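Worksheet: one structure, shown below.
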Amino acid sequence: IAGITQAPTSQILAAGRRMTLRCTQDMRHNAMYWYRQDLGLGLRLIHYSNTAGTTGKGEVPDGYSVSRANTDDFPLTLASAVPSQTSVYFCASSDSPGGVETQYFGPGTRLLVL
Amino acid sequence: GQNIDQPTEMTATEGAIVQINCTYQTSGFNGLFWYQQHAGEAPTFLSYNVLDGLEEKGRFSSFLSRSKGYSYLLLKELQMKDSASYLCAVRDDDYKLSFGAGTTVTVRA
C-alpha cells in the first residue's frame, strides 16, 4: 500500500441501509479527514481526527459517524442512508493539522443511495 | 462561516496563460492552498501561500494578498493536460480546510 486507499470504489445502496466507507493510510500521518464532493458545492468537511483517539465534527456531520482507533484507519459510517447522501466521498490525511504540510487525498468512493 | 468564491469555468488556448481568481471571507486564516483535480480523480496539491506575495513553481504560480482576502493561480504555457478543476482552499485557525466550488479550466488546441 502506498498513500491512502479507500473502499469500496463505488457502491449502490438502498435507503435505510447501514454502510461503512473504509479509509487506510500508510504514511503514519496524524490527522485524517472525510469530505463529500457534490457538483457546484465543492468539497465539504464531514468529520476529522487530529490524532488517533480523537475526532471532531466538520461542516456537514449529520447522518455520519467516525472512529479513530489507530493511526492508519479512519472509517466513516452512514447509520441509515438517505438519498441526499449520494455523493463522492474523499478521505484525506496530513502529517499535522497545521504547518506547511498539505492534505493528501484518497481516490474516492462514489456512493449512490436509492 | 466561510465564504470562498472562484469562477465556475474558464477556457483558454494551448500555450496561453490563464489566471484563476479566488476571494475569501473566513473566520481566521492559516494559509491558502490550490489543488488540481482531473475528472474522476482525487485532488492533488499544487501550491501553498501563507504570506503575501507570489510563489512560483514551474509553470504554476500562486499569489496571496491577506489584506484583500484574495489569491490567484496563474497557469502559464497551457498544455492539454492542464484541463481540470482547480480548487482554492483556506485553512482556518482550527487548521481545517474550507474549499471553494472549483474552477473548471478547458484548454483548447
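As you go down the protein sequences, you meet chains U and L in turn. Oh and the first sequence: position 39 is 19 in the working numbering, straight run, nothing missing. Oh and the second sequence: position 101 is 98 in the working numbering, straight run, nothing missing. Here a beta-carbon is modelled for each residue, glycine too, at the ideal position from N, C-alpha and C. From a predicted model like this one, the values you see are computed outputs, not experimental measurements.
Asked: Assign U/GLN65 to one of three DSSP states: helix, strand, or coil.; Found: helix
Asked: Please decide whether U/LEU92 counts as near chain L, where near means a Cβ-Cβ distance under 7 Å.; Found: no
Asked: Quick check on DSSP: helix, strand or coil for L/ASP49?; Found: coil
Asked: According to DSSP, is L/MET7 helix, strand or coil?; Found: strand
Asked: Should L/ILE17 go down as buried or exposed, given a rule of 16 or more other Cβ atoms within 10 Å for buried?; Found: buried
Asked: Given that a residue counts as buried once 16 or more other Cβ atoms are within 10 Å of its Cβ, and exposed if not, what is L/MET77?; Found: exposed
Asked: Got a sec: is the Cβ-Cβ distance from U/LEU25 to anything in chain L below 7 Å?; Found: yes
Asked: Could you please tell me which residues of the segment -5 to 19 of chain U, in chain order, have their CB closer than 7 Å to any CB of chain L?; Found: none
Asked: Looking at the unbroken beta strand (DSSP E) that takes in U/TYR28, where does it start and where does it end?; Found: 22 to 29
Asked: Give me, in chain order, the residues of the same chain whose beta-carbon lies closer than 6 Å to that of L/VAL47; leave out the 5 immediate sequence neighbours on both sides.; Found: GLY28
Asked: With burial defined as no fewer than 16 other Cβ atoms inside 10 Å of the residue's Cβ, what is the status of L/GLN22: buried or exposed?; Found: exposed
Asked: Which whole-angstrom value describes the C-beta separation of L/ASP2 and L/THR20, a residue pair presumed to lie in contact below a C-beta threshold of 8 Å?; Found: 5 Å
Asked: CA-CA distance, L/THR101 and L/ALA81?; Found: 6 Å
Asked: Rounded to the nearest angstrom, what separates U/ALA32 and U/PRO87 at their Cα positions?; Found: 22 Å
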